[in-house]
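There are 6 protein chains.
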Amino acid sequence: MVSSEFEVRRPVLVGDTADVYHQRTITILRNESMNPAVTMEFAPEKGGVLCGINEARALLYRILPESASEVWALGEGVKMDPNEVVLRVKAPYGSIGLYETAISGTLASSSGWATAARQCVDVAGETPVLAIGARNIHPNIAAEMDYASVQGGCVSCSTIQGARMANVTPAGNMPHALNLIIGEVVKAIEAFDRHMPQEVPRVALVDTFRDEAEDAVSAARSLRDHLRGVRLDTPPERGGVSPELVREVRARLDLAGFRHVEIMVSGGFTPDRIRQMVESGAPVDSFCVGYYIASASPIAFRSDIHEVDGRPMAKRGRIPGVTPNPRLDRVM
Amino acid sequence: MVSSEFEVRRPVLVGDTADVYHQRTITILRNESMNPAVTMEFAPEKGGVLCGINEARALLYRILPESASEVWALGEGVKMDPNEVVLRVKAPYGSIGLYETAISGTLASSSGWATAARQCVDVAGETPVLAIGARNIHPNIAAEMDYASVQGGCVSCSTIQGARMANVTPAGNMPHALNLIIGEVVKAIEAFDRHMPQEVPRVALVDTFRDEAEDAVSAARSLRDHLRGVRLDTPPERGGVSPELVREVRARLDLAGFRHVEIMVSGGFTPDRIRQMVESGAPVDSFCVGYYIASASPIAFRSDIHEVDGRPMAKRGRIPGVTPNPRLDRVM
Amino acid sequence: MVSSEFEVRRPVLVGDTADVYHQRTITILRNESMNPAVTMEFAPEKGGVLCGINEARALLYRILPESASEVWALGEGVKMDPNEVVLRVKAPYGSIGLYETAISGTLASSSGWATAARQCVDVAGETPVLAIGARNIHPNIAAEMDYASVQGGCVSCSTIQGARMANVTPAGNMPHALNLIIGEVVKAIEAFDRHMPQEVPRVALVDTFRDEAEDAVSAARSLRDHLRGVRLDTPPERGGVSPELVREVRARLDLAGFRHVEIMVSGGFTPDRIRQMVESGAPVDSFCVGYYIASASPIAFRSDIHEVDGRPMAKRGRIPGVTPNPRLDRVM
Amino acid sequence: MVSSEFEVRRPVLVGDTADVYHQRTITILRNESMNPAVTMEFAPEKGGVLCGINEARALLYRILPESASEVWALGEGVKMDPNEVVLRVKAPYGSIGLYETAISGTLASSSGWATAARQCVDVAGETPVLAIGARNIHPNIAAEMDYASVQGGCVSCSTIQGARMANVTPAGNMPHALNLIIGEVVKAIEAFDRHMPQEVPRVALVDTFRDEAEDAVSAARSLRDHLRGVRLDTPPERGGVSPELVREVRARLDLAGFRHVEIMVSGGFTPDRIRQMVESGAPVDSFCVGYYIASASPIAFRSDIHEVDGRPMAKRGRIPGVTPNPRLDRVM
Amino acid sequence: MVSSEFEVRRPVLVGDTADVYHQRTITILRNESMNPAVTMEFAPEKGGVLCGINEARALLYRILPESASEVWALGEGVKMDPNEVVLRVKAPYGSIGLYETAISGTLASSSGWATAARQCVDVAGETPVLAIGARNIHPNIAAEMDYASVQGGCVSCSTIQGARMANVTPAGNMPHALNLIIGEVVKAIEAFDRHMPQEVPRVALVDTFRDEAEDAVSAARSLRDHLRGVRLDTPPERGGVSPELVREVRARLDLAGFRHVEIMVSGGFTPDRIRQMVESGAPVDSFCVGYYIASASPIAFRSDIHEVDGRPMAKRGRIPGVTPNPRLDRVM
Amino acid sequence: MVSSEFEVRRPVLVGDTADVYHQRTITILRNESMNPAVTMEFAPEKGGVLCGINEARALLYRILPESASEVWALGEGVKMDPNEVVLRVKAPYGSIGLYETAISGTLASSSGWATAARQCVDVAGETPVLAIGARNIHPNIAAEMDYASVQGGCVSCSTIQGARMANVTPAGNMPHALNLIIGEVVKAIEAFDRHMPQEVPRVALVDTFRDEAEDAVSAARSLRDHLRGVRLDTPPERGGVSPELVREVRARLDLAGFRHVEIMVSGGFTPDRIRQMVESGAPVDSFCVGYYIASASPIAFRSDIHEVDGRPMAKRGRIPGVTPNPRLDRVM
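Protein chains in written order, with my numbering: chain A, 767 to 1098; chain B, 767 to 1098; chain C, 767 to 1098; chain D, 767 to 1098; chain E, 767 to 1098; chain F, 767 to 1098.
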């Protein structure tokens, strides 16, 4: 049962987030005493990974009269083709019209994020990818983005609410702020080790004050077996996180006897940069991706009426009648 | 007083939308009994139109201890340069640390939308631009996007909640659904005219069943002086809304004696397409822009600590100490 | 016997269309009492489809002294390689010199058109292609172009004289003028049906006044089984004839029960646009191509003397002596 | 009076070169007893130099009933803008319909050639340009092309018929054939000198057997003051006619005391190559242009009905009613 | 008197470095008792900075019979145009023929280096440029390259022999080897300070073990006023030497009170990267350029005979006779 | 034993061609009484053909204390990968430090030339390639370039000293100067034939005065069986040496009965132009390459210390410790 996972916010329910012309249409048709059953189909303009369908269904369950409605849908997280119908709703127009904007928008944003995440995951191969984009997107949807990233294949995400929705443990260890306030990377990771529960992995952020290789070895010398890994987040002005840097840090850690310490990388990673890293053979243990997912363009969804009271009907430019798609399951 | 316009949602206040490592840092520092005053600066990686600063300030007013804090900011809707500090907060780390994610994210998304809107408005010149992107974005932030579009220069927007935040009248007349259910454009605009209040402009959507010019003249023949305008939304498969189409519709309306009927255009408009339309001299009376604004990439904001307890301090790659910016005003 | 098909116009025969320096050369050599046998070879600078060879042979039969001349040639409509000799003439210079310009020019223009036609036919696959370029080229050669198009693979052409030369039935049904004068597409096709002989197929041009799909269904409703097809000629300003339009017209005709009505398309088709249409799978029944063939660049032909009185000879940049080509047949 | 210059060929007059559907339309309308006056406008899809208007007028004078017709036109050889009406005919449809194809085609081909010629002339500046393209085009229109080249600005052309139409002296001296048959450049130019009338300039073609500079000096040594110039026609395989070659031939001629001998160049010249030559300052005395003009794409002309029996009327995509153009003169 | 600066090596003098065909020509002509005076001109195929002319003159002084020879030349280090004659030698062929290869080669390499140096100097503006390319080029010509770099505008160079030829003090302080062997940057610069003469500036190389900014401040804290500067040579894998890095090192040095310490940069600088640095306004005090100059393509020089025994003469493709150039001075 | 082939020049031995900072480092370390054994590795930044290793080894044999040193190297002329260690030296720093510049430079220049030569040889396939670049490079290294070209695969080279080093017979027959002084190609090749020893092949340079094909046949008619070949060196202004020219010269030679005469080509050949020639099938018998090899960029070599007194050590950006390379052989 998908509906419980998603809170439907009040402005959505009352239509305050809908395009105003849908409200006007509801009013006009009521005054004309018209409320035909319509068949509305939602299809993406580009292919990608479908996401948001569960949230859309949660909304539909709240608003549709069960006796007079039918819903067919694809599943959350599946691949969808361009123009493929992913959701078909047959319902009285008075019940569904006001929510066309919300359903399209939910699918558009969520599928955009999930598709971007999937692109990263696909090129990363065996290496896990974490979603850390919250700082690049409005907090009202940071959790939805994190949820979509996990649907797209990320192993975890950085916000507490997003992780809860996606049913994973949130990921993230130490920001630059901790290093800067404590004043030294080694002291910071020691404080982290002192106060954090056992199950939180100790991962030192080693680019704040000194050369990355130097601080990685220092952190390892201090925490030894307690240290799970180091995170490299070198900014572009210092060459970013290159395959050569990862290899050198690995070599210097190994030379000092710390083969167990993992290397996590972050900082502007995109599918292209992940691919270069993977193809270079550099020993990365996990990738963190933020801006690339957060800045994914929404995938626009067409929502078109194809039947009115059972008669094939469509605006110019569309084919009248139900569009066949054997992949759809009836979900209501 | 800006704070009243923006509701601060509970998950933001309790830190559920923050990157989890900020929560961990708060815990560690509390256990270490450290709570230094930090000076944190927010600066965009690219230039653009600043937006979200009022919402960020509303949050800061809720969370900062007034006696121990200082805030400097630029104004909502102003132009900002790459790397220019737009917000500086001096506060005990324990009060501000948890909200770094939310503030960055608010500025990133809102400035991205406002900048995209401004690009459209700048090329449109005298012709008004309306924001109609809600159907392409998650409903949880459709209103924020509409608000940002108006800050960027749009004259109105399509959602009720967005229009309320931006203090404008929502715009939008007739969707394809109304035409399809009523079955003819002329009957649809007549029903619209019957049931809508006087102050809602009558604008017929004339691309649903027949050729645009044909239906425009028919609608004008029916409503005559009541008709404020027609909207062209021709899909790309039928050539989109080209300068030639606008000119021909104008000519046929004029030939039939309807010089007062305005022409509103929509359908995939971007700054490039608006520029082509404007440069062609085609007589467009208003532009509707949806996907271009809704798909604007967020503008990433750096948030860096530059002082700790009054001492200049910065991570590698940043200049320690406060970054001078005479444009900043002290707002708290 | 090829010569009967082609009239040789008088200005050509008297040398008025030749470069003047050939006339001067004839005069000089006569005064010098020189009239050696020369071997002249014609070869294209680019590969393509050879056309005009029959017309050239018709000219040669008129002008050469049969006893003292030999002619080898490839066949009309075959593929030719760059620089391949397609025509070799051995004759007294006094008999052939004046006609070098005409022969080169005939081959150049005709091969250019035939090659362009072949490119369209090749990408169209099973779907027939019709040549309708006459309105884009001088009427003095419209028929020659149509003849060459059929040699290149078109099933028919639009001019009466061209069709006669190529031995096909001319193609073409209804221009916009008929619609405009009668004032309605349905009435126009009804008039067409009343007054045209049985064997002329009824094909309605459905883009003149209304939406294409609307008028296609109207025409079909009127003529029913008499209607052979509809022609779509939508201008680029209205999106041209796209795969989506063809598919929608097909669907709406089928929905109305007119599966037998064919769809013919015209309007700026090039090999690229034909390929896109074919690859899209849109159900086109025939392609009309005009400007692409009419604007084909002529294929320049070199005409070089390779022997003089049996001695190998050539200008700088050419190989002296006869150029071997086993594909050539002796035709005189 | 322009009509006398142009012979109207019989197949054009009887409509054999027209698209067959125009003949069908004439039949249908006659059977329907319809013969409204129509206003037909011809306008080019691209800008350029208008040519063929005199030939079109000659045709119109033959076919239109003077009492019931009006014709407006621009002048031969003027600049025309894209979509500018260059010819407007108001006549009974039964008199004009059959000739729409011929008029469009005449304007299309002729304007294409004249525009290409003008491009060459414009970049050549003070240096004269000669049209020598006949060998690259069908002899049925070689003269029309030469006529159009002179309208475009060429000082002369190579065919006798073309020169007669354009009222210039035909240009062209010696082909490679003369050199090859006589066997030496010097002997060839001497024979030329012996047998040609005084007024034909002596210009030796100096690239046939030996290096150009060597043979230029040899020819000059033989004819001395009789030699008007040399022509360089070096093929691309030998570097073509480059500025360096022209400069060297000039220098070697000057060194040998033949400053009066002019240098004429030919061989694949285009506006780009003419510009390079001119900008290099190489001392060229005249340019010969062949293939560039002969291969010019026709400029497609739209021919649209804008009035039927005085009522504004137009197909979809065109503006009904007469298109104003103050540059038009009434010519009938 | 330029000849003393340049040693002429024995293999050059005996012709062992000449193309062997020149030796053969000398032998043949001697056997034929031919030794005409020839005028030979040297001209570059591209423009640039002329260098090597003094070395060429030193050779000419050794080999030419003064009574029977004349030499004209441009000056060392001046700008030269493409194809401009920079050296003209009139001498018996038996004296000059064997050295054509050496003279061309000397001018080609030296002008290539000087031109590359000049490009760097031009974009660096007021900031001095040092040539440090020796490690990228064969030691047999490292000094010649350094000499040419100074002629091109560099203030100094890194090899002792090159500096001697160019009459400057050699530049260069501390290689990575010194840091690595001593084991710490601070100790290394202290040893440098202890053992180097007063006049050698103390410049610490600060990228070997730690972050550049950190080691720059440490070196300054140790040598204080003795420290003249720091050199940044960060490899591309660590972001290279970016404007941001220079600015941060400057800021951290200033913050620590060491405003007098200069910043010298090296590592793959090219005119493009120098320009970016200069345009960014980053406070660089000197640029070191190595590979860009060392890898400069030689500028090919044509050497052509233009007179033989006073008669104008030239191979095909060249203008016979002396090429006028008023900039040339007679130097012998 | 490789050392005997290479003279080590005195300025190299005394360090005058070294970067001055190496001399300073030697002084400082001596004063500090430090002379640790270091392991220095040389590796190219790009892949290519290794050359100069024998010359480097000759230098090492002169300078290293045999008892305290070890040297590993790849062989002369082998392929090397980017960043592959091609030379490893373990020696007291005091013995090796001063020569780092010379060794890097020797490898850089020589490998650059050999790699360029190999590129030509690879595309030329079976056809031999000769190195004739001496005139484009400083005479101090012309012989080294020629030696490297032969290591790269050229069958011979043009300088006497280079040929001696590479143990081949020098190649080169007749310069333009011989033609110009004697005044005719035929007389020049006859003089050549009279005075040159039997074993020097007779190859006439046939582009100086007349057309290449003409002079080739003339030279063959004169020397008949004595003529080994002709060389085409046509400058770009005359079309360069194109496949068409080679084919025509071949045809005219064959037609005249001189099938034994070979065709050698020169003039700006690069791998691209060699490939075009080879792919065209033109009958070239040998290629001469000059500027392409002479202008090859040096391949920069890193020289890094990886051990100091047996301890792994490296500057930032390098991996400490010996870099494994099983292809290295111990050579000292």
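The beta-carbon is built from N, C-alpha and C at its ideal position, and this holds for glycine as well.
(request) Compile a chain-ordered list of the residues in the region 972-984 of chain D whose CB is closer than 7 Å to at least one CB of chain F. (result) Residues Arg976, Asp977, Glu980.
(request) Tell me, please, whether the CB atom of Ala932 of chain E is closer than 8 Å to any CB atom in chain F? (result) no
(message) Could you give the first and the last residue of the continuous beta strand (DSSP E) run that contains Ser1052 of chain C?
(response) 1052-1055
(request) Report buried or exposed for Lys845 of chain E, applying the criterion of at least 16 other Cβ atoms within 10 angstroms of its Cβ. (result) exposed
(message) Going residue by residue through the region 878-938 of chain A, where are the continuous beta strand (DSSP E) segments of at least 3 residues, counting only ones entirely within it?
(response) 895-897
(message) What would DSSP say about Met1043 of chain F, mapped onto helix, strand or coil?
(response) helix
(request) Give me the Cα-Cα distance between Val1007 of chain B and Pro1090 of chain B, rounded to the nearest whole angstrom. (result) Each residue's alpha carbon lies about 48 Å from the other.
(request) Please work out which residues of its chain come closer than 7 Å, Cβ to Cβ, to Met1043 of chain F, disregarding the five sequence neighbours upstream and downstream, and give them in chain order. (result) Pro1009, Val1050
(message) Tell me which residue opens and which closes the alpha helix (DSSP H) that Phe1067 of chain C is part of.
(response) Counting along the chain, Phe1067 of chain C falls outside any alpha helix (DSSP H), though it belongs to the beta strand (DSSP E) covering 1067-1074.
(request) Please name the residue or residues paired with Ile1029 of chain F in a DSSP beta bridge. (result) F:Val996
(request) Would you decide whether Gly1076 of chain D is buried or exposed? Buried here means 16 or more other CB atoms lie within 10 Å of its CB. (result) It counts as exposed.
(message) So Leu847 of chain A and Gly813 of chain A are supposed to be a Cβ contact under 8 Å. How far apart are they, rounded?
(response) With the sequence shown as reference, residue 847 of chain A is identified as Asp, and Leu is not the correct amino acid for it. Right, their Cβ atoms sit about 5 Å apart.
(message) Beta-carbon within less than 8 Å of Arg796 of chain D's beta-carbon, same chain only, minus the 5 sequence neighbours each way: which residues are those?
(response) Gly860
(message) Distance cutoff 8 Å, beta carbons only. Does Gly1005 of chain A sit that close to anything in chain E?
(response) yes
(message) Counting only C-beta atoms, is Leu779 of chain E closer than 8 Å to chain A at any point?
(response) no
(request) For Tyr913 of chain E, collect the residues of the same chain with a Cβ closer than 7 Å to its Cβ; drop the 5 residues on either side in sequence, then sort them by chain order. (result) Gly928, Met931, Ala932
(request) Could you please tell me which residues of the region 841-862 of chain C, in chain order, have their CB closer than 7 Å to any CB of chain D? (result) Tyr859
(request) Taking Leu864 of chain B as part of the beta strand (DSSP E), name the residues at either end of that continuous run. (result) Per DSSP, Leu864 of chain B is not a residue of any beta strand (DSSP E), being assigned neither H nor E.
(request) Please check the pair Val786 of chain B and Gly1056 of chain A, which I expect to be a contact at CB under 8 Å, by giving their CB distance rounded to whole angstroms. (result) With a Cβ gap of about 14 Å, Val786 of chain B and Gly1056 of chain A do not count as contacting.
(request) List the residues that DSSP assigns as beta-bridge partners of Ala857 of chain A. (result) A:Val804
(message) I need the straight-line Cα distance from Thr791 of chain E to Val921 of chain D, nearest angstrom please.
(response) Distance from the CA atom of Thr791 of chain E to the CA atom of Val921 of chain D, rounded to whole angstroms, is 53 Å.
(message) Does Ala1022 of chain D come out as helix, strand or coil in the three-state DSSP assignment?
(response) Three-state DSSP puts Ala1022 of chain D in coil, outside helix and strand.
(request) Could you have a look at Asp785 of chain F and say whether DSSP puts it in helix, strand or coil? (result) strand
(message) Using a Cβ-Cβ cutoff of less than 7 Å, which residues in the same chain neighbour Val1027 of chain B once the five nearest sequence positions on both sides are dropped?
(response) Ala986, Leu993, Gly995, Val996, Leu1019
(request) Determine the chain A residues that contact Leu946 of chain B at a beta-carbon separation under 7 Å, and present them in chain order. (result) Ile1071, Val1074, Met1079, Lys1081
(request) With a 10 Å radius around its C-beta and 16 neighbouring C-beta atoms as the bar for buried, classify Ala957 of chain A as buried or exposed. (result) buried
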